[in-house]
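Quick notes on the structure that follows.
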Amino acid sequence: MSARGWLGRLGQRLYEVRRRARAKAELRAMNDLELRDLGLGRSDVPSVLAGCFEREDRDDTRRAH
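Just so we're aligned, residue 1 is where the sequence shown starts under this note's numbering, counting upward by one.
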């Protein structure tokens, strides 16, 4: 394993950690109405961050306010 390859993988990993931390902070800072505009509920945030969220078609998210 070369030092360049190892450092490249480390850099990529750090980039991903920072990207996920930013996404977490942004989603947690949103209020319920903003999350609903995205088709999400507060309980969906952990699934979105884990990358395993699957959107369900919900009729209540399409209601006019």
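Beta carbons: idealized from backbone N, C-alpha and C, even for Gly.
Asked: For glycine 8, three-class secondary structure by DSSP; Found: helix
Asked: Residue interval of the alpha helix (DSSP H) (run including aspartate 44); Found: Run containing aspartate 44: none; DSSP gives neither H nor E here.
Asked: Continuous alpha helix (DSSP H) stretch holding glutamate 34: start and end; Found: 32-37
Asked: Reduced DSSP category for glutamate 54 - H, G, I as helix; E, B as strand; rest coil; Found: coil
Asked: Residues near leucine 35 in its chain [Cβ-Cβ closer than 8 Å; skip 5 each side]; Found: Leu27, Gly41, Arg42, Asp44, Val45
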